[in-house]
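Once you know that position 84 of the sequence shown is 95 in my numbering, the rest is easy, because the numbers rise by one and skip nothing.
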Amino acid sequence: MLKIRLQRIGRKNEAAFRLVVTESKNGPQSGKFLEVLGSYTVKADKVELKADRIKHWLAHGVQLSDTAHNMLVKQGVVEGKKRNSLSKKSPTVKRKDAPKKKK
12 MLKIRLQRIG RKNEAAFRLV VTESKNGPQS GKFLEVLGSY TVKADKVELK ADRIKHWLAH
72 GVQLSDTAHN MLVKQGVVEG KKRNSLSKKS PTVKRKDAPK KKK
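This is the structure we're talking about:
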């Protein structure tokens with residue numbers, strides 16, 4: 012299955028990302044991708060997207076990662092609500108009867 016996701020590029024402490032189409036089994040840092048669809052520079056908060064190519068790939072059934080989906084919704088390329096991109100694990104619940112720690 013093909014997926015549109017972010018691939019990190021750039022130096023240490025100067026994060027920059029590419030928006031790429033890749034096979035979902037490839038790791039995000041593998042360097043293997045089919046096409047570059049845009050870029051995102053964190054320091055400058057600058058987003059450049061190829062909206063027509065993104066819509067082309069979405070029409071052919073490519074899935075979006077949660078972070079890429081949220082970015083495209085914010086930029087107005089895709090319609091919809093933002094998704095939760097945090098961990099899908101259940102939250103920790105504090106028990107009322109748990110013993111309190113002494114200082």
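Glycine is no exception: its CB is placed at the ideal position from the N, C-alpha and C atoms.
This one's a predicted model, so the numbers in the text were calculated from it and none came from an experiment.
Practice problem: Determine contact between the stretch 85-96 and the stretch 25-39, defined as no fewer than three beta-carbon pairs at a distance below 8 Å. | Solution: no
Quiz prompt | Endpoints, the alpha helix (DSSP H) within which residue 64 is located | solution = 62-70
Quiz item: Under 7 Å, do residue 73 and residue 13 count as touching if we go by C-beta distance?
Solution: yes
Quiz item: Across which residues does DSSP place residue 50 in a beta bridge pair?
Solution: 29 and 59
Quiz item: Considering only residues of the same chain and omitting the five flanking positions on each side of residue 26, which have a CB-CB separation below 7 Å?
Solution: 19 and 53
Exercise. Decide if residue 38 is buried, meaning its Cβ has at least 16 other Cβ atoms within 10 Å, or exposed.
Key: exposed
Quiz item: Between the beta-carbon of residue 69 and the beta-carbon of residue 48, is there less than 7 Å?
Solution: no
Quiz prompt | Spatially closest choice to residue 67 from 24, 46 and 23, by CA coordinates | solution = 46
Quiz item: Can you tell me the Cα-Cα spacing of residue 23 and residue 40, whole angstroms?
Solution: 14 Å
Practice problem: Would you check if the distance between the CB atom of residue 79 and the CB atom of residue 16 is smaller than 7 Å? | Solution: yes
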